[in-house]
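Only one structure is covered here, and it is reproduced in the block below.
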RNA sequence: GCCGAGGUGACAGAGUGGUUAAUGUGACCGCCUGCAGAGCGGUUUUCCGGGAGUUCGAAUCUUCCCCUCGGCACCA
């Protein structure tokens with residue numbers, strides 16, 4: 031079985047073969063922190079989180095680097111608007127971002143560098159590009175990448191021609207006076223006294239937008255990456271600029287062997303944007319939906335497709351999620367009463383099949399949607415076996431172990447898998463069991479009024495109980 | 001204008017040549033149940049944007065057309 035990935039560079043599915051054995055250097059463009067992160071960021075980082083986790087599952091040795099851009103015009107402008115220091119603003123929203131990712135169960139990158147910690151390296155790389163004749167400083171202290179030096183590589187990722195670019199962008203974009211060529215992009219930008227800046231050979235200034243990723247991917251990853259990822263919107267110009275400057279600097283091609291891009295997230299069929307007023311931050315959505323449901327919702331569509339967010343769709347995802355979550359609850363409950371003697375009832379075979387189909391789906395460009403579909407089939411069979419036959423402890427454990435095994439990749443069933451987790455609030459397990467016991471006595475006496483009253487009481491305390499054939503199961507909601 | 005993604009049942013969404021087109025949600029019926037919940041079984045009548053072509057065979061390949069969304073030097 032071979033892992034296949036879609037490569038934006040070739041627009042094809044390719045067998046995944048890292049540059050060096052099983053080692054994978056992976057870089058994903060992080061956010062520019064000028065505001066709370068929105069759902070689009072969640073989509074992107076959850077997608078790459080699962081990709082990264084799956085590579086680990088397939089025994090690749092992954093180094094995952096993802097930056098935080100903490101100096102940028104958008105940050106400066108926003109800081110000006112609300113009258114705070116730009117660095118204060120960026121550090122506040124960088125923390126907000128990390129908090130959001132933690133809540134969404136996104137594994138932290140192995141290295142998460144800040145742009146402002148790498149100014150000397152950035153200046154060094156720009157100097158190198160100037161030395162190689164690929165960039166030029168101007169009178170006012172800007173440095174541009176000289177696109178005419180690499181016309182052959184332009185469009186390698188975006189698949190556009192120089193003519194096409196000139197035509198499309200010319201009328202819309204204000205052309206800086208000091209550029210030699212309209213398509214040149216800025217590496218270093220001179221700062222006015224009231225803007226953040228660092229001393230450089232070209233005067234006080236700050237990095238341009240594309241250079242930081244080239245510097246940090248090389249420093250923490252490798253001169254050549256195996257996977258470079260980000261949203262589709264970054265293909266042009268950001269990733270293309272990275273390719274030009276990185277390859278120009280190192281002389282090595284390709285800068286990254288595979289380029290992977292996640293699709294957009296729309297809201298009620300429209301692109302998220304401030305002007306439409308349909309901009310949802312991760313924090314806003316987390317107020318209404320649990321993080322695992324948001325993750326599940328995102329993984330329920332292939333990462334390259336557009337995904338449409340709406341309250342209705344998330345609620346639907348929540349109900350779908352419950353099916354599998356309930357299966358896990360059913361398993362744990364069944365385990366309590368299960369016999370020790372061998373009575374597998376085909377569960378081991380089901381697990382084996384489920385694992386095979388999980389790998390088959392994920393190997394095909396990380397098809398989480400298909401993987402989840404297979405999981406539903408598996409869950410249904412497991413439920414059927416449990417209620418029909420009463421399998422033994424060992425085989426039930428095997429199923430639970432399988433769920434935790436794949437949850438190392440999906441990261442959605444953490445809450446259900448947690449065993450004996452101490453809950454700070456609400457009644458203790460003993461109190462709950464005692465109330466359930468009381469209720470069982472009432473039920474035996476057919477005192478339904480009292481039984482229902484106890485059930486209501488428990489419900490008020492956040493305990494949901496269900497009567498099953500072999501006893502009462504309960505869980506905290 | 002250039003470049004890209006897409007159009008599959010009520011909704012969501014897999015499937016890139018081969019038996020009755022996954023899976024989930026919703027709806028309905030049944031089993032189970034004191035009720036509720038969960039679960040299981042079943043149903044949801046021609047679901048593959050349109051035309052032409054290739055093929056023994058097309059959702060899948062070719063071509064033309066229609067429509068939607070996005071990128072084009074701000075963006076995950």
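In the numbering used here, the protein residues as written are 31 to 507. Each residue gets a CB set at the ideal place from its N, CA and C atoms; glycine is no exception. All figures in this text were calculated on a predicted structure; none of them were measured in a lab.
*Using three-state DSSP, classify residue 483 as helix, strand or coil.*
helix
*Nearest-angstrom beta carbon gap, residue 413 and residue 335 [assumed within contact, 8 Å]*: Between residue 413 and residue 335 the Cβ distance is about 30 Å, and since that is not below 8 Å, they are no contact.
_Let me confirm a value: residue 139 is counted as buried when at least 16 other C-beta atoms fall within 10 Å, else exposed. Which label applies?_
Around the beta carbon of residue 139, 16 or more other beta carbons sit within 10 angstroms, so the residue counts as buried.
*Between residue 124 and the rest of its own chain, which residues show a CB-CB distance below 8 Å, the 5 nearest in sequence each way excluded?*
63, 98, 100, 144
*What number of angstroms, rounded off, separates the C-alpha of residue 70 from the C-alpha of residue 397?*
19 Å
*What distance in whole Å lies between the Cβ atoms of residue 45 and residue 34, which are believed to be in contact at a cut-off of 8 Å?*
6 Å
*Determine the direct distance from the alpha carbon of residue 471 to that of residue 356, and round the result to whole angstroms.*
26 Å
*Whole alpha helix (DSSP H) runs in the region 227-278 with 4 or more residues, listed along the chain?*
241-250
*At which residue ranges does the region 66-105 contain complete beta strand (DSSP E) runs of 3 or more residues, listed in the order of the chain?*
91-96
*Exposed or buried, what is residue 443 when buried is set at 16 or more other beta-carbons lying within 10 Å of its beta-carbon?*
Residue burial annotation: residue 443 is buried, with at least 16 other C-beta atoms found within 10 angstroms of its C-beta.
*Thinking C-alpha only, which one of 270, 250, 364 is nearest residue 195?*
270
_Determine whether the beta carbon atoms of residue 244 and residue 272 lie at a separation below 8 Å._
The answer is yes: Cβ separation under 8 Å.
*Do three or more CB pairs link the region 37-44 to the region 232-247 at distances below 8 Å?*
With the cut-off at 8 Å, the region 37-44 and the region 232-247 do not touch.
*Take the Cβ of residue 492 as the centre, count every other Cβ of all protein chains shown within 10 Å, and call the residue buried at 16 or more, exposed below.*
exposed
*asked:* Could you compute how far the alpha carbon of residue 202 sits from the alpha carbon of residue 169?
replied: In this prediction, residue 202 scores a pLDDT of 46, lower than 50, which makes its location untrustworthy; the coordinate-derived value is nonetheless stated afterwards. Cα to Cα, residue 202 sits roughly 25 Å from residue 169.
*Is the region 326-335 touching the region 383-399 in the sense that three or more CB pairs, one from each, lie closer than 8 Å?*
yes
_Bridge partners for residue 301 per DSSP, in chain order?_
For residue 301, the beta-bridge partners assigned by DSSP are 296.
*What separation, rounded to the nearest whole angstrom, lies between the Cα atoms of residue 266 and residue 217?*
Distance between residue 266 and residue 217, taken at the CA atoms: about 16 Å.
*By the 10 Å Cβ neighbour count, where 16 or more other Cβ atoms means buried, how is residue 261 classified, buried or exposed?*
buried
_If contact is defined by three or more beta carbon pairs under 8 Å, each pair taking one atom from either stretch, is the region 226-237 in contact with the region 147-162?_
yes
*Outcome for residue 96 when other beta-carbon atoms lying within 10 angstroms are tallied against a minimum of 16*: buried
*Nearest-angstrom Cα distance between residue 452 and residue 131?*
The predicted model places residue 452 with a pLDDT of 47, which falls under 50 and marks its position as unreliable, so this point remains unresolved.
*Measure the alpha-carbon distance for residue 234 versus residue 103 and round it to whole angstroms.*
15 Å
*Go ahead and pull the three-state DSSP assignment for residue 382.*
helix
*Which value, in whole angstroms, describes the spacing of the CA atoms of residue 236 and residue 225?*
9 Å
_I believe residue 295 touches residue 82 by the beta-carbon criterion, under 8 Å. Please report the beta-carbon distance rounded to the nearest angstrom._
Between residue 295 and residue 82, the beta carbon gap of about 19 Å keeps them out of contact (Cβ cut-off 8 Å).
*asked:* Looking at the secondary structure, which residues open and close the alpha helix (DSSP H) in which residue 54 lies?
replied: Not the alpha helix (DSSP H): residue 54 falls in the beta strand (DSSP E), residues 53-58.
_Just to confirm the assignment: which complete beta strand (DSSP E) runs, minimum length 3, are found wholly within the region 163-217?_
Counting whole runs of 3 or more residues, the region 163-217 contains the beta strand (DSSP E) stretches 165-167, 173-175.
*If you scan the region 103-132 from start to end, which runs of the alpha helix (DSSP H) of 4 or more residues do you find wholly inside it?*
103-112
*asked:* According to DSSP, simplified to helix, strand and coil, what is residue 497?
replied: strand
*Helix or strand or just coil, what does DSSP make of residue 220?*
In this structure, residue 220 counts as strand in the three-state DSSP scheme.
*Whole-angstrom distance between residue 387 and residue 31, CA atom to CA atom*: Residue 31 and residue 387 have their C-alpha atoms some 11 Å from each other.
*Same chain only: Cβ atoms within 8 Å of residue 308, ignoring 5 sequence neighbours per side*: 297, 298, 300, 302
_Residue nearest to residue 66 in terms of C-alpha spacing, selected from 105, 404, 364_ = 105
_On the CB-based measure, 16 or more other CB atoms within 10 Å of its CB, does residue 48 come out buried or exposed?_
buried
*Could you work out which residue in 192, 91, 274, 279 is closest to residue 151 when comparing CA atoms only?*
279
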